[in-house]
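Notes for the one structure printed next.
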C-alpha cells in the first residue's frame, strides 16, 4: 500500500492537536479536544502530549496484536496512556484530555476499521461507485441542541469566545455517557462504543482518514462531495485539500456563512492507495 499524509495546525506557532501515524499494516488518526481559554482540564500535560502518546500506543497495539479486535487495541492504548499520568493529573476531571480516533488495519483479505467520534473514514470502492463516508455523529447530534448561542456570535469576538467556552463545558456533561457521545479519554471502556467493521480488501481501491478540520470542506462547508474530495487528493495530494479548506475559512472569518467553534482548525489527512495485483500473481 502507498500512504500519503498531510497535517497542519490551525495557526502557525500553535501546537497541532491532530496526530497521524502508520505502520506497514495499520494507520491511526486522532483529533485532540482542546480546552478553551478560561477552562480547566485537570491535566498538567495538555492535549498534544495526550494525543501523541495515545496514538503511538494504539498504533503499536494494532500492529503487534493483529489477532486482537481494534476495540481491544484501543482499550489497551487508553489504559496505557492513563497510566502515564494518573499519579500527576486528575483523570476524573470532566475536561481531561480526549480525542476522536480512527484506526484502519489491513489484513491479507480485509480492511478492519474503528471510528470513535467525529473524524471521518472514507472508503473508495473498487467498483467505481460513490465513496462511502463512515463517521460517528453522536457528538454532532448532542451539540446541535447546545450550539445556538455560539453560532449566533461573530467569530473572534469576546462574546463568541465566552459562548464557545460555555458550549464546551456543557458538552462535557454528555461526554462518555449513555445517551451522549463517546471519545477516547481516560476510561478504556469507551473503546467498546466505537463504530467498527470489516470490508473485503478486494472490494476497495483505497481509503482516507480525515480529522474534522479537514473533512469540513465536505461535511460543513459543502464545497465538494466525497468523490470530488478524493479526486482532488489523487490529482494534487492531501495538502491540496487542506489548502481548499483554508481558502474557505479565510473567506468567512466571522463564521457568518458557516458558523463554527473555530475559524481555523487543525487538519490531518492520511490517504492509503492499495496496490493492484500484478499480472500473473
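Numbering (my numbering), first residue to last: 4 to 284. Heads up, the beta-carbon is just placed ideally off N, CA and C, and yes, glycines get one too.
Practice task
Look at the Cβ atom of residue 273, then the Cβ atom of residue 212, and state whether they are nearer than 8 Å.
Solution key: Numbered from 1 along the chain shown, position 270 holds the residue referred to as residue 273. Numbered from 1 along the chain shown, position 209 holds the residue referred to as residue 212. Result yes, Cβ atoms of residue 273 and residue 212 sit closer than 8 Å.
Considering only the alpha carbon of each residue, which of 190, 96 and 270 lies closest to residue 15? One-based indexing of the chain shown puts residue 15 at position 12. Answer by Cα proximity: 270.
Point to revise | Alpha carbon of residue 140 to alpha carbon of residue 278, nearest angstrom | key: Against the chain shown, residue 140 aligns to sequence position 137. Against the chain shown, residue 278 aligns to sequence position 275. In this structure, the CA atom of residue 140 is about 31 Å from the CA atom of residue 278.
query: With distances taken from CA atoms, which of 214, 201, 20 and 46 is nearest residue 109?
result: Indexing the chain shown from 1 puts residue 109 at position 106. Minimum Cα distance to residue 109 is reached at 201.
### Task
Could you say which of 206, 174, 203 and 159 lies nearest to residue 253 if we only look at CA atoms?
Reading the chain shown from its first residue, position 250 is the one you call residue 253. Nearest option by C-alpha distance: 159.
Cβ of residue 176 within 8 Å of Cβ of residue 99? In the chain shown, residue 176 corresponds to position 173, counting from 1. In the chain shown, residue 99 corresponds to position 96, counting from 1. Cβ atoms of residue 176 and residue 99: not closer than 8 Å.
Q) Exposed or buried, what is residue 60 when buried is set at 16 or more other beta-carbons lying within 10 Å of its beta-carbon? A) To locate residue 60, count along the chain shown from 1; it is residue 57. Sixteen is the threshold: when 16 or more other Cβ atoms of the shown chains lie within 10 Å of the Cβ of residue 60, as they do, the residue is buried.
Below 7 Å CB to CB, which residues in the same chain sit around residue 4 once its five sequence neighbours on both sides are set aside?
-> The sequence position of residue 4 within the chain shown is 1, counting from 1. Within the same chain, residue 4 has close Cβ partners 109, 275, 276, 277 and 278.
Helix, strand or coil: which one does DSSP assign to residue 208?
By 1-based counting over the chain shown, the position of residue 208 is 205. DSSP, reduced to helix, strand and coil, places residue 208 within a strand of the structure shown.
In angstroms, rounded to a whole number, what distance separates the CA positions of residue 284 and residue 132? For the purposes of this step, residue 284 is identified with residue 281 of the chain shown, where counting begins at 1. For the purposes of this step, residue 132 is identified with residue 129 of the chain shown, where counting begins at 1. In this prediction, residue 284 scores a pLDDT of 48, lower than 50, which makes its location untrustworthy; no coordinate-derived value is stated.
Tell me the DSSP secondary structure of residue 185 in three-state form. Counted from its first residue, the chain shown places residue 185 at position 182. The DSSP-derived three-state label of residue 185 is coil.
Is the Cβ-Cβ distance between residue 187 and residue 195 less than 8 Å? Residue mapping note: residue 187 aligns to position 184 of the chain shown, counting from 1. Residue mapping note: residue 195 aligns to position 192 of the chain shown, counting from 1. Taking the C-beta atoms as reference points, residue 195 is found no nearer than 8 Å to residue 187.
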